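Number of protein chains: 2
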Amino acid sequence: MKYIIIGAVAGGASTAARLRRLDEKAEIILVEKGEYISYANCGLPYYIGDVIKDRDKLFVQTANSFNERFNIDVRPMTEAISIDSNLKSVQLFNSSTGANYSETYDKLVLAPGAIPIVPPLKGINLPGIFTVRNVKDTDLIKAAVQQLTMKHATVIGAGFIGLEMMENLHHLGLDVTLIERADQVLPPVDFPIAAILQNDLVEKGIDLKLNSSVVGFSKSANNRLIVEIESSPSLETDLVILSIGVKPNAKLAVDANLKIGDFGGILVNEFMQTTNPFIYAVGDAIEFKHPITKKSTTSFLAGPANKQGRICANNIVFGNTNSYLGSINTAIVKVFNHTVATAGLSVKQLVANNIPHLVSTVFGGSHAGYYPGSEQLAIQLAFSPKSGALLGAQVAGNKGVDKRIDILSLLIQQNGTVTDLCEFEHAYAPPFSSAKDPINMAGFAAENMLNDMVEVYYWDNITDFSKDEFLVDVRTSLEFKKGRICSAINIPLDSIRERLNEFPKNQRISIYCQAGLRGYLAQRILSQNGFQVRNLSGGYRLWKECTDALNATQQLEKT
Amino acid sequence: MKYIIIGAVAGGASTAARLRRLDEKAEIILVEKGEYISYANCGLPYYIGDVIKDRDKLFVQTANSFNERFNIDVRPMTEAISIDSNLKSVQLFNSSTGANYSETYDKLVLAPGAIPIVPPLKGINLPGIFTVRNVKDTDLIKAAVQQLTMKHATVIGAGFIGLEMMENLHHLGLDVTLIERADQVLPPVDFPIAAILQNDLVEKGIDLKLNSSVVGFSKSANNRLIVEIESSPSLETDLVILSIGVKPNAKLAVDANLKIGDFGGILVNEFMQTTNPFIYAVGDAIEFKHPITKKSTTSFLAGPANKQGRICANNIVFGNTNSYLGSINTAIVKVFNHTVATAGLSVKQLVANNIPHLVSTVFGGSHAGYYPGSEQLAIQLAFSPKSGALLGAQVAGNKGVDKRIDILSLLIQQNGTVTDLCEFEHAYAPPFSSAKDPINMAGFAAENMLNDMVEVYYWDNITDFSKDEFLVDVRTSLEFKKGRICSAINIPLDSIRERLNEFPKNQRISIYCQAGLRGYLAQRILSQNGFQVRNLSGGYRLWKECTDALNATQQLEKT
């Protein structure tokens, strides 16, 4: 058997290595357009930021080491130009030697990855404007930031890579402006979770420009870059990082008449097989069926690419026996002392897909509050109002965010419910968690909603308040004095039973506490006493994060 | 309705609070033998060790605050003497006032907890010998360690609490001797995982005495304690902590003719109901059906107790509708810079229960190796040889152990398989994990065993080696020179294809590498070339940990 794999980073390299493990005798050719194979894509921003000091650490394998270990014919600097699917051959071009030649295959694997989106703006090709996708980009940026004249950098796009680049450039001592077209950082997550991160960025002095579209670039008189922003003053900068997203690199597949999906990716079935049975595809370039929406989707993540590679090789060697369940796009980003993570569908995706859902947000300690160093984290769950099936989860905080999102990601993959979270048996000792982990608390809160034990409202419902609403802060008077929501009156939880006569019988009562738990207790007392009452999900704390983030954005826009 | 709950720590307090949330009008009496309710049991060793500085932090609730918040009649210093299940009444004794009185109930909940095992040894009641179970114990120990004459402490029992006490006493500057009857520390986990921790303890200078039984205590001439050890010299010490385990406190239940289980616990059904339908029980005192063995079992953990309390209250108020799935005894302990955790059944439990299983151990980085601060951790999986169902998992390392055990615990609870681990989609960014998380790697290795892609052997098989065995170290020659196993010869992985003629055709070949991965690659090459070959699970690294631990124990016993 002769296998050709096009693309030698995460998905391609994984496929090639697994093919060799399964078939010691096959001829395996691994073709890579660039100079490097199997490098640590996700480490590039940290190498630029000098967090990773040694450039060699970025290279998991070299062409030589990969060949030595796996007896794979690795061909760097080699581009696949076209596929002749009738002849089962690939036209290859070696950019070092200029040689043009073809190779036949029994099975072909496409792993060409994704390419950064570069909008056709005025001046987009000016020196000093970079994308961050591969080692070449990285070396150029690294050289640029080491120039003594470098004072200010602009990152366009506040997604995962944009945020990592922003942090790393800030870490190098540069002033950084972060420009995002949306009304929040990290558009893949929902606003309240993003708000927690956003408030921290503003506090750290990052110049954040939301709702801002870059319309072009030019050079200033003193040879700096000028970033032109729609309806806003232009800004002068020394370096521009363009991180507004990537798109599947499907040109080869399009030309070979393979079926392409809604997002321009190479469509594969559950066996990672394209519409040509002799051609498989993996990684950022593909489209597959989303496990929850059942619609075609993409995933630009290294984890899924690696797993797809292993499954693809299994199916090539054993026949199509190993089904890929699809990625739920579990992702995480560290930004200064904050970490934000997501798994499954965001609330906005659920809305866009017309999938019925309930949403609940709780706060909890990263570990037992009585053990030093505990920090608060927020967990937002979205779940089916019928079955309680967990549809999506987002976590923001610092310590322990990665642990909680991984647990929630696994549960989504296992088709679990919020009730499973109530029963989830975590490893508890004071340095690691609490007897009731925030994951359990999130489950309890969600299950109570599912069982109609509670009714909740959300931070953004408060703008709708009419005079018919009776808003009660059930925190202590001290907490109340430090800050309240709008026209709320204060009736602390522990005095509610004695002050029942102060609550109106024929009016809806909206209560809130700091994070939601005391509000829930108050609600149980009041509703069992015949009052119509609802509790603010995430409490004053989440409302404050959201309104602070909104206000900061509006203020920034005014200035 | 009138509810009485006996015992006001984790399980009892949780039940009482949930009962109130579900039934605002019920009369709820919470009886506690001791002075304190709902305190942070698991924090006690850390308060003794001055890690938790403020004693007040140990108290989640006081009798007053609990009463204020939940309108529950909390009665500390009140012991339940007997139950009259015909009259549905409990005889109570107030140890402050000396009052003896009875209370009737509609439903009774028993949450009396567990009591430390105190063997009837000579001198067991001498001053300076303590158990660590409650606040009273803790205050006594705290007072003792603050004495200036305190130089040396002896901890008897190297289980979870024993190890935490050892660390905390060491943290206070005391010399500590740790005595354990078994041949390893942390007997609930399997030897190889315990060995990793054990080697670290020996390195830290802890005086560790394994295979050692304490037979009695006496006072020395200078008024210190003498610990007498079977077949060993006695030792002088200033303080003895007895942490050899606990047993269910079931006296009240026994006297009330409730059915008791094999381990002396109060037998409950899946609704937390005892054999008397009006009496429920939760927490350390109960026995329930183990989800994997289906046999009766106990759990002395705060997490399960809290969850049982919530379920118990649901069943009392709504009728028996909420089934408890049982605890898989997920647990974790931090000891100096090491963390060890377990979920599900250990290999020795699987053996004892005649449950067929395969075992696989891998090492992996807590996060991407190219990002600073990554540390190795070991993951041991035990799984069904037929279905691949995950039966047990143990993790040892430092960073990220809690995350991995929680993921594995959830998967065991969800009846997941090792194949699910291959597909598990974790949140990956370099500070948190690798593109293939150690959890995935553990899944890959296990799935390969399940699919007969590999044959493994274990560190303790090597003592059986006959001359018929061809032992090959496939690491680099540099690694080989630094240390090898027995009579191994060195054929580095990357040269195997050229040196196939050095391998014997009619003899089994046992190979090993550092952690198992390269050995697996070597095995794939060799087996596809017609050789009979097996790979060492966990590699040289695990073998070294195990043999080091064994040697240290034997050496200590000789001296």
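Here the protein sequences come in this chain order: A and B. Numbering (the working numbering) for the first sequence: 1 to 559. Numbering (the working numbering) for the second sequence: 1001 to 1559. Just so you know, even glycine gets a beta-carbon here, dropped at the ideal spot from N, CA and C. Owing to the predicted nature of the structure, the values given are computational and were not obtained by experimental measurement.
When B/L1140, B/G1483, B/I1179 and B/V1145 are compared against B/E1230, the one with the closest alpha-carbon: Minimum Cα distance to B/E1230 is reached at B/I1179.
Along the chain, where does the alpha helix (DSSP H) that runs through A/G388 open and close? Counting along the chain, A/G388 falls outside any alpha helix (DSSP H), and DSSP gives it neither H nor E.
Output the distance between the C-alpha atoms of A/S243 and A/G98, rounded to the nearest integer angstrom. Their Cα atoms are separated by approximately 32 angstroms.
Beta-carbon separation of B/H1338 and B/A1389 under 8 angstroms? No.
Leaving out the 5 sequence neighbours to the left and right, which residues in its chain are closer than 7 angstroms to B/I1266 when beta-carbon positions are compared? Excluding residues up to 5 positions away in sequence, L1110, P1248, A1250, A1253, L1258, I1260, T1274, A1281, A1285, I1286 and E1287 lie with their Cβ nearer than 7 angstroms to the Cβ of B/I1266 in the same chain.
Please list, in chain order, the residues of the stretch 51 to 80 of chain A that have any C-beta partner in chain B closer than 7 angstroms. Those would be V51, I52, K57, L58, E68, R69 and N71, in chain order.
Below 7 angstroms between beta carbons is the criterion; list the residues of the stretch 126 to 146 of chain A that meet it against any residue of chain B, in chain order. Those would be none; no residue qualifies.
Do B/A1343 and A/A26 have their C-beta atoms closer together than 8 angstroms? No, they are not a contact pair.
With a threshold of 16 other CB atoms inside 10 Å of the CB of A/Q198, please say whether the residue is buried or exposed. Buried, by the Cβ-count rule.
CB contact check: A/Y512 to chain B, cutoff 8 angstroms: So no, A/Y512 is outside the interface.
Which residues in chain A sit within 9 angstroms of B/L1521, going by Cβ to Cβ distance? Per Cβ cutoff of 9 angstroms: A17, R20, R21, R69 and F70.
Going along chain B, which residues have a C-beta under 7 angstroms from A/Y370? Going along chain B in sequence order, the residues near A/Y370 (Cβ under 7 angstroms) are A1040, G1043, I1052, K1057 and L1058.
Along chain A, in chain order, which residues have C-beta atoms closer than 7 angstroms to that of B/V1333? Going along chain A in sequence order, the residues near B/V1333 (Cβ under 7 angstroms) are A429.
If contacts are defined as beta-carbon pairs under 8 angstroms, then B/S1082 and B/D1255 qualify, I think. What distance do you get, rounded to the angstrom? Confirmed, about 6 angstroms.
Note down, in chain order, each residue of its chain lying with its Cβ closer than 6 angstroms to the Cβ of A/N354, except the 5 sequence neighbours on either side. So the list is empty, once near-sequence residues are dropped.
Rounded Cβ spacing between B/A1435 and A/V333 (contact assumed at less than 8 angstroms): Not confirmed; about 15 angstroms, so no contact.
Once the 5 residues before and after B/A1515 are set aside, which same chain residues still bring their CB inside 6 angstroms of it? Here the set comprises F1363, G1539 and R1541.
Inter-stretch contact (C-beta, 8 angstroms, three-pair minimum) for the stretch 1292 to 1300 of chain B and the stretch 369 to 389 of chain A: In this structure the stretch 1292 to 1300 of chain B does not lie against the stretch 369 to 389 of chain A, because fewer than three pairs of beta carbons, one per stretch, are closer than 8 angstroms.
Output yes if chain B places a C-beta closer than 8 angstroms to the C-beta of A/H426; else output no. Yes, its Cβ sits closer than 8 angstroms to a Cβ of chain B.
Backbone CA spacing between A/Y457 and A/R497 [nearest angstrom]: The alpha-carbon atoms of A/Y457 and A/R497 are separated by roughly 23 angstroms.
Once the 5 residues before and after B/G1012 are set aside, which same chain residues still bring their CB inside 6 angstroms of it? Within the same chain, and ignoring the five residues on either side of B/G1012 in sequence, the residues whose Cβ sits closer than 6 angstroms to its Cβ are I1005 and A1111.
Cutoff 6 angstroms; reference A/V215; Cβ partners in own chain excluding five residues on either side: Cβ within range, chain order: E228 and E230.
Just to confirm, is the Cβ distance from A/Y3 to A/I28 under 8 angstroms? The Cβ atoms of A/Y3 and A/I28 sit closer than 8 angstroms to each other.
Beta carbon of A/L186 nearer than 8 angstroms to that of A/A158: Taking 8 angstroms as the cut-off, the beta carbon of A/L186 is found closer than this to the beta carbon of A/A158.
Contact defined as beta carbons within less than 8 angstroms: I believe B/W1543 pairs with B/L1550. What is the distance between those atoms, to the nearest angstrom? 11 angstroms between Cβ atoms; not a contact.
To the nearest angstrom, how far is it from the Cα of B/M1441 to the Cα of B/L1450? Rounded to whole angstroms, B/M1441 to B/L1450 spans 14 angstroms at the Cα level.
Does B/P1187 get closer than 8 angstroms to chain A when you measure Cβ to Cβ? False, the Cβ-Cβ gap to chain A never drops below 8 angstroms.
For B/S1095, three-class secondary structure by DSSP: Secondary structure of B/S1095 (DSSP, three-state): coil.
With a threshold of 6 angstroms on Cβ separation, who are the neighbours of B/P1192 within its own chain once the five nearest residues in sequence on each side are excluded? Excluding positions up to five away in sequence, the list reads L1542 and C1546.
In the DSSP output, which residue or residues are listed as bridge partners for A/G481? At residue 481 of chain A the sequence reads Lys, which differs from the Gly that was named. In DSSP, A/K481 forms no bridge with anything.
On the DSSP letters alone, give me the boundaries of the beta strand (DSSP E) that B/Y1101 sits inside. For B/Y1101, the enclosing beta strand (DSSP E) stretches over residues N1100 to T1104.
Per DSSP, which one or two residues make a beta bridge with B/R1534? Answer is B/S1510, bridged to B/R1534.
Cα-Cα separation between A/A40 and A/A302, rounded to whole angstroms: Going from the Cα of A/A40 to the Cα of A/A302 covers about 9 angstroms.
Identify which residue in B/D1050, B/L1044, B/N1071 and B/E1068 has its Cα closest to the Cα of B/F1059. Residue B/L1044 is the option with its Cα nearest to B/F1059.
Does the beta-carbon of B/I1491 have 16 or more other beta-carbons within 10 angstroms, so that it is buried, or is it exposed? By the neighbour-count criterion, in which 16 or more other beta carbons inside 10 Å mark a residue as buried, B/I1491 falls on the buried side.
Where in the stretch 1312 to 1376 of chain B do unbroken runs of the beta strand (DSSP E), each at least 3 residues long, occur, reported from the N-terminal end onward? For the stretch 1312 to 1376 of chain B, the full-length beta strand (DSSP E) segments reaching 3 residues or more read 1331 to 1335, 1338 to 1344 and 1358 to 1365 along the chain.
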